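Chains D and P, in that order, are what the protein sequence lines are. Sequential numbering of the first sequence, starting at -12, is according to the numbering used here. Sequential numbering of the second sequence, starting at 1249, is according to the numbering used here. Ideal Cβ positions, reconstructed from N, Cα and C, are used throughout, including at glycine. On a predicted model such as this, the values are computed, not experimentally measured, just so you know. For reference, the structure discussed in these notes is given below.
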Amino acid sequence: QVQLVQSGAEVKKPGASVKVSCKASGYTFTDFDVNWVRQAPGQGLEWMGWMSALSGNTDYAQKFQGRVTLTRDTSISTAYMELSSLRSEDTAVYYCARKPYYYDDSGYYSWFDPWGQGTLVTVSS
Amino acid sequence: DIQMTQSPSSLSASVGDRVTITCRASQNIDRFLNWYQHKPGKAPDVLIYAASTLEPGVPSRFSGSGSGTLFTLTISSLQPEDFATYYCQQSHGAPYTFGQGTKLEIK
């Protein structure tokens, strides 16, 4: 079945960087974009950015521009999210998600499915 | 950026109740609107995409409607497993913004 499996929880100090992996299985990795979403404690879902698994092209939410880097290794069907200059407000569960899509006369429809299981990143001194 | 606003932010209901959650977009997004269910400690699951298309495997008690700037998610008869937080998300264009969520609790 289609599945995304993320790396384990991380504890980092302020100012450090974290790199979370997202391994895809059950489908052709390069056929779909991968998106990253985070949820801080007690907060809602926040979109961070997307990456084309085929070309490596990326687009980031303005809030994270300059601090987030999305990459992939197609040989092992894995996407990565690296967030630098960590601060306490970056403590959150980070999710990757595949982006299926279809076209019709109205345009290009897409959604996130499935999602990885989430990776808790804790930033604390 | 397109802002998504859900109402209510929280809702108490009983098993068997009919529940409706509303999502409003800050600009016209046609039918580029998705709904997700999120339970604590689990990954979100898509329920509906393109405003009204039910994801395969999702029970038919869930339905979505709307276009333009106003959308609704309806659960026709609440089941115990439906108590969760629900999010709308626009897919009109990046950034793919989410609503703030609606927490559905047991009365």
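Three or more beta-carbon pairs separated by less than 8 Å link the segment 1263 to 1275 of chain P to the segment 1316 to 1325 of chain P, which places the two stretches in contact. Taking C-beta separations shorter than 7 Å and ignoring five residues to either side along the sequence, the partners of Ser71 of chain D in its chain run Ser4 and Arg54, following chain order.
Contact between Ile1354 of chain P and Phe1331 of chain P holds: CB atoms are separated by about 5 Å, below the 8 Å threshold. Look at Phe16 of chain D here: in three-state DSSP terms it is helix. Contact annotation: in the segment 1281 to 1299 of chain P, residues whose CB is within less than 7 Å of a CB in chain D are Asn1282, Ala1291, Pro1292, Val1294, Tyr1297 and Ala1298.
Distance from the CA atom of Trp23 of chain D to the CA atom of Ala1261 of chain P, rounded to whole angstroms, is 32 Å. Remark: three or more beta-carbon pairs, one from each stretch, lie closer than 8 Å, so the segment 77 to 89 of chain D and the segment 16 to 36 of chain D are flagged as touching. Residue contact check for Phe1346 of chain P against chain D: a CB pair falls below 9 Å. The straight-line gap separating the alpha-carbon atoms of Ile63 of chain D and Ser8 of chain D is approximately 11 Å. As computed with DSSP, Gly36 of chain D is found in a beta bridge with D:Trp23 and D:Tyr47. Among the residues of chain P, none has a CB under 9 Å from the CB of Asp20 of chain D; the nearest is roughly 10 Å distant. Distances from the CA of Pro101 of chain D to each of D:Ser12, D:Asp91 and D:Lys0 were compared; the closest alpha carbon is that of D:Ser12. Rounded to whole angstroms, the separation of the alpha carbons of Phe99 of chain D and Leu1281 of chain P is 11 Å. Here Thr61 of chain D is exposed: its Cβ has fewer than 16 other Cβ atoms, across all protein chains shown, within 10 Å. When the Cα atoms are used, Ser97 of chain D and Gly103 of chain D turn out to be separated by approximately 17 Å.
Contact of Ala1342 of chain P with chain D is assigned, a C-beta pair being separated by under 9 Å. Residue state for Asp92 of chain D is assigned as coil, using DSSP reduced to three classes. Tyr67 of chain D is bridged by DSSP to D:Ser8 and D:Thr58. In the structure shown, Glu1329 of chain P adopts helical secondary structure according to DSSP, grouped into three states.
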